[in-house]
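Residue numbers (my numbering), protein chains in the order written: chain L, 170 to 361; chain E, 170 to 361.
Even glycine gets a Cβ: it sits at the ideal position worked out from N, Cα and C.
Structure record follows, encoded as structure tokens.
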DNA sequence: ACCACTCCATACTCACGCGTATGGAATCGA
DNA sequence: TCGATTCCATACGCGTGAGTATGGAGTGGT
């Protein structure tokens with residue numbers, strides 16, 4: 170909606186380009202990441218871009234690594250702060266479910282898995298998150314192998330949900346249906 | 170692997186192009202679907218292509234609809250043939266798990282959800298399959314709303330698994346780990 | 001005030017892939 | 001056998017977007 174949130178600061182930095190790239194990816198996908206389009210959106214021309222970055226892929230890589238960096242730190246630390254391990258997973262589910270913006274980028278990257286540059290990033294991120302889930306399940310009292318399988322299943326359900334209800338706007342769940350679904354997830358995936 | 174399974178029949182039909190397009194999509198993704206590349210692979214030139222199809226997108230659309238047509242008929246009919254409703258779901262899980270080729274196209278389409286043409290096709294297919302799961306859960310003795318939620322959860326887990334372990338070759342599960350995961354899925358997602 | 005350095009504009013080149021135009025070869029029906 | 005139709009090759013046009021060359025404006029240090 171707001172293509173012009175920045176009040177046109179006269180000079181730009183590489184970080185400005187990376188942020189703009191990420192928000193463009195979130196809104197229109199990786200395929201829409203073109204340097205002239207980005208330049209227009211920032212109120213400059215290509216000349217600026219090629220001073221900050223050697224190539225288009227360099228920008229994409231930098232943006233992806235930036236996203237990987239400042240990705241999920243807060244939520245993870247918030248969850249780890251919960252004393253009772255058995256309360257962590259349901260709380261994680263509910264908090265993640267009520268987020269929105271962080272999922273946009275992830276969903277956009279999910280449907281851009283064609284591109285060679287996003288694959289390793291997504292692989293790393295997904296691996297870390299799955300491992301986080303695994304330890305959470307373990308600390309909730311689940312034995313090792315089952316915790317691993319359950320973590321994989323949980324994260325797969327998350328990824329698949331994004332694809333089905335975010336990218337494909339499949340049934341476009343109502344608010345109540347969505348909450349019902351989340352509670353159903355908690356009931357079936359988290360041990361009592 | 171086998172780029173040349175056809176022994177070079179001299180004349181081609183539109184269906185030949187659609188099949189070739191699908192196998193190319195399965196191997197290299199939708200983005201790699203270029204008419205000159207396909208023509209080379211078929212041993213002809215563009216001149217042939219533009220006789221059969223008006224445009225590149227026309228081929229993509231035709232190929233997608235062809236795939237949607239002959240997609241899952243067999244498995245569904247096989248599963249519906251099982252007399253005891255409570256045996257259908259675990260059997261479905263195990264059979265689907267031991268397939269390979271059908272998942273290739275689906276996974277390729279999953280990571281090409283950028284493209285406007287694949288979205289409606291995937292939406293229809295995913296909707297039908299989810300509904301199939303829903304009735305299967307219902308017939309296994311689950312009440313309506315829970316069956317719907319469980320069906321969504323199950324299909325989301327399937328989609329997510331494809332993305333994580335197929336597209337991203339994340340941990341590249343060993344055969345035993347994979348079977349273990351499938352049995353874990355059956356145990357947690359299917360009511361006893 | 002002046003220089004050096006940073007950031008950006010303008011104006012190109014160039015590769016790539018879609019689509020078109022047109023003529024020729026293969027095949028089929030009569 | 002001989003048109004008519006189907007299928008394909010060759011040779012183009014053409015838009016798009018990445019990358020380059022080069023000069024100029026803005027900014028900070030001395």
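> If you compare alpha carbons, which of L:236, L:203, L:199 is closest to residue 184 of chain L?
Replying inline: Comparing Cα-Cα distances from residue 184 of chain L to each of L:236, L:203, L:199, the minimum goes to L:236.
>> Spatial neighbours of residue 266 of chain L within its chain, please: C-beta separation below 7 Å, excluding the five flanking residues on both sides.
In response: Once the five neighbours on either side are set aside, the close Cβ partners of residue 266 of chain L are 351.
>> Using a Cβ-Cβ distance cut-off of 7 Å, determine whether residue 347 of chain E contacts chain L.
In response: Cβ-Cβ to chain L under 7 Å: no for residue 347 of chain E.
>> Using beta carbons (cut-off 7 Å, strictly below), is residue 262 of chain E in contact with chain L?
In response: Against chain L, the CB of residue 262 of chain E has no partner CB under 7 Å away; the residue lies outside that interface.
> What residues from the segment 266 to 300 of chain L come within 7 Å of chain E, judged by C-beta to C-beta, listed N to C?
Replying inline: Contacts with chain E (Cβ-Cβ distance below 7 Å) from the segment 266 to 300 of chain L involve 279, 280, 281, 282, 283, 288, 291, 292, 295, 296, listed in chain order.
>> Quick check: the Cα distance between residue 208 of chain E and residue 219 of chain E, rounded to an integer number of angstroms?
In response: Roughly 10 Å separates the two Cα atoms.
> From what residue to what residue does the alpha helix (DSSP H) around residue 327 of chain L run?
Replying inline: In the DSSP annotation of this structure, the continuous segment of the alpha helix (DSSP H) that includes residue 327 of chain L starts and ends at 313 to 331.
> Which residues in the same chain as residue 356 of chain E place their Cβ atom closer than 7 Å to its Cβ, once the five residues preceding and following it in sequence are excluded?
Replying inline: For residue 356 of chain E, same chain residues with a beta-carbon under 7 Å away, outside a window of 5 residues either side, do not exist.
> At a Cβ cut of 9 Å, what residues of the segment 313 to 336 of chain E count as close to chain L, listed as they run along the chain?
Replying inline: Using a CB distance below 9 Å, the part of the segment 313 to 336 of chain E facing chain L consists of 314, 315, 317, 318, 319, 321, 322, 323, 324, 325, 326, 327, 328, 329, 330, 331, 332, 333, 334, 336, ordered along the chain.
>> Restricting to Cα atoms, I'd like to know which of E:255, E:233, E:248, E:262 is closest to residue 353 of chain E.
In response: Of E:255, E:233, E:248, E:262, the smallest CA-CA separation from residue 353 of chain E is found for E:262.
> What does residue 357 of chain L reach in chain E if we use C-beta pairs closer than 8 Å?
Replying inline: The contacting residues are 319, 322, 357, 358.
>> Looking only at its chain, what residues have a beta carbon closer than 7 Å to the beta carbon of residue 223 of chain E, apart from the 5 residues adjacent to it on each side?
In response: None.
> By how many angstroms is the C-alpha of residue 349 of chain L removed from the C-alpha of residue 343 of chain L?
Replying inline: Cα-Cα distance, rounded: 10 Å.
> Comparing the C-beta of residue 353 of chain L with each C-beta of chain E, is any distance below 7 Å?
Replying inline: For residue 353 of chain L, the answer is yes, since a Cβ of chain E falls inside 7 Å of its Cβ.
>> Taking the alpha-carbon of residue 300 of chain E as reference, which of E:311, E:280, E:321 has the nearest alpha-carbon?
In response: When E:311, E:280, E:321 are compared, the shortest CA-CA separation from residue 300 of chain E is found for E:321.
> Looking only at its own chain, which residues have a Cβ that is under 7 Å from the Cβ of residue 360 of chain E, when we skip the five neighbours before and after it?
Replying inline: When the five nearest sequence neighbours on each side are left out, the beta carbons in the same chain lying within less than 7 Å of the beta carbon of residue 360 of chain E are those of 309, 310, 311, in order along the chain.
> Which whole runs of the beta strand (DSSP E) in the segment 178 to 262 of chain L are 3 residues long or more, in chain order?
Replying inline: Correct list: empty.
>> So with CB distances below 8 Å, who are the chain E contacts of residue 198 of chain L?
In response: Residues of chain E passing the Cβ test: 283.
>> At the 7 Å Cβ level, is residue 350 of chain L part of the contact set with chain E, yes or no?
In response: Proximity of residue 350 of chain L to chain E, defined by a Cβ-Cβ separation below 7 Å, is satisfied.
>> With the cut-off set at 7 Å, would you say residue 199 of chain L and residue 272 of chain L are in Cβ contact?
In response: Contact annotation: residue 199 of chain L and residue 272 of chain L have beta-carbon atoms that are not nearer than 7 Å.
>> Here's the rule: buried if 16 or more other CB atoms are within 10 angstroms of the residue's CB, otherwise exposed. What is residue 313 of chain L?
In response: Exposed is the call here.
> From residue 362 of chain E to residue 190 of chain E, what distance separates their C-alpha atoms?
Replying inline: Beyond the ends of chain E as shown, which are 170 and 361, falls residue 362 of chain E; an answer cannot be given.
> How should residue 303 of chain E be labelled, buried or exposed, when 16 other C-beta atoms within 10 angstroms of its C-beta is the threshold for buried?
Replying inline: Its Cβ being crowded by 16 or more others within 10 Å, residue 303 of chain E is buried.
> Helix, strand or coil: which one does DSSP assign to residue 276 of chain E?
Replying inline: Residue 276 of chain E falls in the helix class under three-state DSSP.
> Does DSSP classify residue 268 of chain E as helix, strand or coil?
Replying inline: Residue state for residue 268 of chain E is assigned as coil, using DSSP reduced to three classes.
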